[in-house]
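A.B. asks:
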Amino acid sequence: MTFASQPYLFSFETAHAEPLAFIPLGVRFYLDRCGMRLTLAQWQALPEPARAALASPEPSLDDGAARAFEDLLEVHVRAHALGVVERQPPAALDELSPRAVPESVVSQAAQHGQERPSQAAWDGLSVAQRYALTKLARKARRSDDFAAAAHEFGMS
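Under my numbering, the residue at position 71 of the sequence shown is numbered 1100, and the numbers go up by one with no gaps.
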């Protein structure tokens, strides 16, 4: 896993006054991939440099990247006495393959008056972009962040 000098954030995430006040989607990707659940209170208890370090790797399906993220998170959890990080089964990330646009993404796009995302457009997205749209579309209610992400990724 390579760590960037800046946190890996989408433009719509940086629109917030304090982009690292909430758990960025890149961090959520690795938490899901590793089967870990970090509460917002635990995230916010981390000092800003620790949050930036955890947010710096680009989401990847590489197993080594997931292990490196998990190791880094455990170092920060211990160093900052955050308590226990809840474990859960790692998320199945099948919907991140370019084989088909998930129905949740199609439904969320329709709620925003957008056309059904084309297979070609979905295929052209990175793993991180597909994860962001899938994560933002998971709830049935309309998500303004979904609309911003779809626009940023050229899907609207």
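Ideal Cβ placement from N, Cα and C applies to all residues, glycine included.
Small disclaimer: the values here were computed from a predicted structure and weren't measured.
Within the continuous alpha helix (DSSP H) that includes residue 1183, where are the two ends?
C.D. replies: Numbered from its first residue, the sequence shown carries residue 1183 at position 154. Unbroken run through residue 1183: none, as it is neither H nor E.
A.B. asks: Could you check the C-alpha separation between residue 1083 and residue 1129 for me, to the nearest Å?
C.D. replies: Working through the sequence shown from its first residue, we reach residue 1083 at position 54. Working through the sequence shown from its first residue, we reach residue 1129 at position 100. In a straight line, the C-alpha of residue 1083 is about 30 Å away from that of residue 1129.
A.B. asks: Answer with buried or exposed for residue 1071, where buried requires no fewer than 16 other C-beta atoms within 10 angstroms of its C-beta.
C.D. replies: Taking the sequence shown and counting its residues from 1, the one referred to as residue 1071 is at position 42. The residue in question, residue 1071, is buried, as its Cβ has 16 or more Cβ neighbours within 10 Å.
A.B. asks: Is the segment 1105 to 1115 touching the segment 1137 to 1150, taking contact as three or more C-beta pairs under 8 Å?
C.D. replies: Taking 8 Å as the limit for Cβ pairs, the verdict is that the segment 1137 to 1150 does not touch the segment 1105 to 1115.
A.B. asks: Compute the distance between the beta-carbons of residue 1078 and residue 1055, then report whether it is under 8 Å.
C.D. replies: As a working note, residue 1078 is residue 49 in the sequence shown. As a working note, residue 1055 is residue 26 in the sequence shown. For residue 1078 and residue 1055, no; Cβs fall outside 8 Å.
A.B. asks: Given a cut-off of 8 Å on the beta-carbon distance, is the pair residue 1076 and residue 1053 in contact?
C.D. replies: Here the question's residue 1076 lines up with position 47 in the sequence shown. Here the question's residue 1053 lines up with position 24 in the sequence shown. Contact: no.
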